[in-house]
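In the working numbering, the protein residues as written are 61 to 478. Even for Gly, the Cβ is constructed at its ideal location relative to N, Cα and C.
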DNA sequence: AACGGCTCGC
DNA sequence: CTGCGAGCCGTTC
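And the structure:
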């Protein structure tokens with residue numbers, strides 16, 4: 061009796077041509093490990109601890125009593141019962157929410173406590189998850205951190221990373237980036253970070269074969285700016301930074317199968333206005349609309365969607381009688397081919413880079429993969445060779461109808477390499 | 001130990 | 001009521 065895998069040539073191909081060759085590559089990456097400056101993280105922990113005590117004092121002062129800032133339950137009592145903040149949103153469990161977006165909203169209404177809580181939350185996240193924990197994860201024998209990559213966990217084909225997760229190291233804020241500064245190269249070596257530029261949007265252009273989007277990428281345009289120009293009806297050079305930010309949210313929203321409601325929340329406009337943006341987007345990029353409709357239909361008819369390389373995601377809930385569950389399956393159907401194709405491509409690239417490094421005898425090794433990025437540790441005198449050749453090699457992992465660009469940076473630490 | 005709420009990444 | 005993950009802390013059992 062043959063299973064789905066043996067019966068399906070495209071799945072066999074994904075197995076034998078992508079996943080199996082990747083196994084020894086992942087093993088090598090895990091064994092290589094990442095060098096981390098424990099002393100620097102230790103200093104940061106001390107500094108963060110001091111700032112947290114300060115913020116705690118401020119919070120107690122505003123609240124007029126002491127409470128556990130880390131407890132959403134206790135915080136809810138202070139905010140909504142004692143200080144009389146309006147309840148803007150509730151959690152799935154029915155309690156008044158204290159999530160970031162809610163606190164930001166309350167802060168705008170001039171309540172002083174939410175801002176202190178937000179600062180406390182973000183710093184305690186950095187301390188608890190990163191600066192305190194990472195030094196404990198250093199292997200005493202190698203002096204490096206060896207994450208585990210999981211090859212068969214995610215629905216879309218991405219890798220995941222655990223113990224510790226090195227795929228969610230902060231980057232967004234200046235405080236967070238300091239943690240990346242603790243990921244360093246060994247003496248005599250440099251870090252090289254190579255990431256695909258907007259890979260999922262490029263895949264969307266390719267899969268949807270939308271003329272406008274293909275054109276934008278082929279002309280090397282800033283695609284968020286180009287989207288803004290189309291949606292807001294202004295010349296490219298007159299796009300404001302707000303318009304570009306909104307267009308970026310629209311582009312990401314499309315990849316995620318987002319609704320007008322979700323977009324409205326994300327960019328801070330009314331639902332009607334958000335719907336107008338979406339309508340204008342689809343009017344300008346009709347190929348994208350047709351592709352999304354095709355994807356939904358295919359998911360419903362075949363019960364699965366697939367990536368460019370034939371990896372499948374089965375979606376039984378696409379037939380659910382429950383509307384919310386069906387909608388969720390439809391969003392996954394939209395997202396999975398793009399996210400999954402990106403995963404296929406970087407996996408192929410990892411194998412290609414690994415083969416090249418093994419054959420060339422260069423003193424360089426892959427130490428991290430973060431979904432659209434590879435980080436390598438390279439002997440100093442070979443950095444320029446690597447930097448020149450890794451882009452074309454990674455780009456060649458797929459033959460898309462748009463350029464697949466790779467940006468590569470070098471530095472003494474992971475922050476500098478970006 | 002398991003779960004909820006929250007927050008970090010792409 | 002935008003996709004995919006991992007992990008922290010607080011809370012409950």
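Buried or exposed (CB count within 10 angstroms, at least 16 for buried), residue i
i           : result
residue 170 : exposed
residue 83  : exposed
residue 243 : buried
residue 345 : buried
residue 193 : exposed
residue 374 : exposed
residue 80  : exposed
residue 240 : buried
residue 260 : buried
residue 238 : buried
residue 407 : buried
residue 162 : buried
residue 76  : exposed
residue 151 : exposed
residue 372 : buried
residue 156 : buried
residue 255 : buried
residue 290 : buried
residue 313 : buried
residue 253 : buried
residue 187 : buried
residue 298 : exposed
residue 414 : buried
residue 271 : exposed
residue 250 : buried
residue 174 : buried
residue 402 : buried
residue 456 : exposed
residue 258 : buried
DSSP beta-bridge partners of residue i
i           : result
residue 429 : 434
residue 439 : 249
residue 466 : 256
residue 244 : 95 and 473
residue 424 : 438
residue 387 : DSSP output for residue 387 lists no bridge partner at all.
residue 150 : 156
Alpha carbon of residue i to alpha carbon of residue j, nearest angstrom
i           : j           : result
residue 474 : residue 97  : 12 Å
residue 352 : residue 268 : 8 Å
residue 469 : residue 136 : 44 Å
residue 102 : residue 471 : 22 Å
residue 358 : residue 420 : 44 Å
residue 72  : residue 404 : 14 Å
residue 395 : residue 273 : 17 Å
residue 325 : residue 127 : 31 Å
residue 347 : residue 124 : 58 Å
residue 93  : residue 463 : 32 Å
residue 220 : residue 62  : 29 Å
residue 430 : residue 86  : 13 Å
residue 218 : residue 122 : 45 Å
residue 365 : residue 166 : 41 Å
residue 78  : residue 342 : 34 Å
residue 331 : residue 321 : 5 Å
residue 370 : residue 211 : 17 Å
residue 389 : residue 397 : 13 Å
residue 246 : residue 428 : 15 Å
residue 292 : residue 465 : 27 Å
residue 113 : residue 131 : 16 Å
residue 95  : residue 445 : 22 Å
residue 104 : residue 191 : 7 Å
residue 448 : residue 286 : 29 Å
residue 422 : residue 183 : 40 Å
residue 309 : residue 200 : 44 Å
residue 480 : residue 215 : Since the first and last residues shown for the chain are 61 and 478, residue 480 lies out of range.
Contact test: residue i Cβ vs the ligand SAH heavy atom, cutoff 8 Å
i           : result
residue 280 : As for the ligand SAH, it is missing from this structure, which has no ligand bound.
Inside the segment 251-303 only - beta strand (DSSP E) runs reaching at least 3 residues: Runs found: none.
Uninterrupted beta strand (DSSP E) stretches inside the segment 154-223 (no shorter than 3 residues): Fully enclosed beta strand (DSSP E) runs of 3 or longer: 208-210 and 220-222.
Minimum length 4: unbroken alpha helix (DSSP H) runs contained in the segment 304-377: Fully enclosed alpha helix (DSSP H) runs of 4 or longer: 320-327, 331-344 and 346-362.
Three-pair Cβ contact test at 8 Å for the segment 436-447 versus the segment 225-235: Judged by Cβ distances under 8 Å, the segment 436-447 makes no contact with the segment 225-235, as fewer than three pairs qualify.
In chain order, each beta strand (DSSP E) run of at least 3 residues that lies wholly inside the segment 68-139: Counting only runs of 3 or more residues that sit fully inside the segment 68-139, the beta strand (DSSP E) segments are 94-96, in chain order.
Stretch-stretch touch, CB-based, cutoff 8 Å, three pairs: the segment 288-305 with the segment 364-380: The answer is no - the segment 364-380 does not touch the segment 288-305, with fewer than three Cβ pairs under 8 Å.
Any 3 or more C-beta pairs closer than 8 Å across the segment 139-154 and the segment 196-209: No: fewer than three Cβ pairs fall under 8 Å.
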